[in-house]
Amino acid sequence: MIAGAPPAPPYEAAVRAATPVLVPPVPAAVGRAPLCAKRGCVMQPSDVTSASRSHYFCDRCSGRSAAQHLGGSTRRWTCVRCDYDICFKCHPEPGATGA
């Protein structure tokens, strides 16, 4: 509002309030990386494991790739900073069907 200008007619505010904002619905898991539960870091999809180990442990469901969880694949969400992993069963991979 400009100082000294007359107030807007009441119907303008009502029209603005009644006008819907169109936002397409997006399922929460589709196209979004999960956040690390330790510090809130944005996790990255990865299949790389540290040199000291060749498998990972899902920090949500306790699935272990060494025990053939999800076929033994090491692909999962990871936060390297916090050493936190989530399998793609717990949070679907980007572009996965049926998510």
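Note that the sequence shown covers residues 15 to 113 in the working numbering. We put the beta carbon where it would ideally sit given N, CA and C, even for glycine. Since the model is a prediction, treat every value here as computed from it, not as a measurement.
query	result
Bridge partner(s) assigned by DSSP for L49	V56
Secondary structure of K103, DSSP reduced to three states	coil
Burial state of C72, where buried means 16 or more other Cβ atoms lie within 10 Å	buried
C-beta contact flag for C101 and R90 at 8 Å	yes
One or two residues paired with Y98 in a DSSP bridge	C93
Close beta carbons around T63, own chain, < 8 Å, minus the five adjacent residues each side	H69, Y70 and T88
Residue environment, G54, which counts as buried when at least 16 other CB atoms sit within 10 Å	exposed
Own chain residues within Cβ distance below 7 Å of C104, not counting five before or after	C72, R74 and C75
beta-carbon I100 near the ligand PLP non-hydrogen atom, thresh 7 Å	Ligands are entirely absent from the displayed structure, and the ligand PLP is therefore not among its contents.
7 Å CB neighbourhood of G14 in its chain, flanking five on each side removed	Any answer about residue 14 is impossible in this case: the structure gives the chain only from 15 up to 113.
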